[in-house]
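**Q** Mind having a look at this structure? Questions to follow.
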Amino acid sequence: METDTDWMATGNCRDEPPATFFPNDGVGVEVAKRICAGCPVSERCLEYALENRIDHGVWGGTSERQRRRILKARRLPLLLAETA
Ligand code: SF4
1224 METDTDWMAT GNCRDEPPAT FFPNDGVGVE VAKRICAGCP VSERCLEYAL
1274 ENRIDHGVWG GTSERQRRRI LKARRLPLLL AETA
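This note's numbering numbers the first residue of the sequence shown as 1224 and each following residue consecutively.
Given below as C-alpha cells:
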C-alpha cells in the first residue's frame, strides 16, 4: 500500500544530505533547486509542501518565498469570489 510519502524515495534528493534542502542563504537555495530540477516527483513534492503548509526548506524546486506566493495566488480567486 502506498503512503502519501512513498514518492520521497524516488526524488533526486534521496541520496543527498537533508540539510542541503534547508539552506541558510540564497546560494544554498540555488544549490538545492538545481538538484530538484528534473526530479521525477517535483510536482508531487511541491503539492505536498503546499498542502502541509511546510514553511521551511526547498521543496519541489521552490523556495519558502516562492511557496508563499503560490499559496497567496491560489487564495486570491477564493477571496475575490467570497466578496463578489
Ligand atoms: S523536488 Fe527536490 S526536494 Fe522534492 S523530492 Fe525532488 S529533489 Fe527532493
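We put the beta carbon where it would ideally sit given N, CA and C, even for glycine.
Have a look at the DSSP bridge pairing and note the partners of W1282.
**A** Note: W1282 sits in a beta bridge opposite T1285.
**Q** Could you check where the alpha helix (DSSP H) with E1267 kicks off and where it finishes?
**A** Here residue 1267 is Arg; the residue named in the question, Glu, does not match the sequence. Residues S1265 to E1274.
**Q** Mind checking whether the beta-carbon of G1284 lies closer than 7 angstroms to any heavy atom of the ligand SF4?
**A** Because some heavy atom of the ligand SF4 lies under 7 angstroms away, the Cβ of G1284 counts as near it: yes.
**Q** Answer yes if the stretch 1252-1262 comes into contact with the stretch 1228-1242, meaning at least three C-beta pairs across the two stretches below 8 angstroms, and no otherwise.
**A** A contact exists between the stretch 1228-1242 and the stretch 1252-1262.
**Q** Quick check: is any heavy atom of the ligand SF4 less than 7 angstroms from the C-beta of F1245?
**A** Not so, every heavy atom of the ligand SF4 lies at least 7 angstroms from the Cβ.
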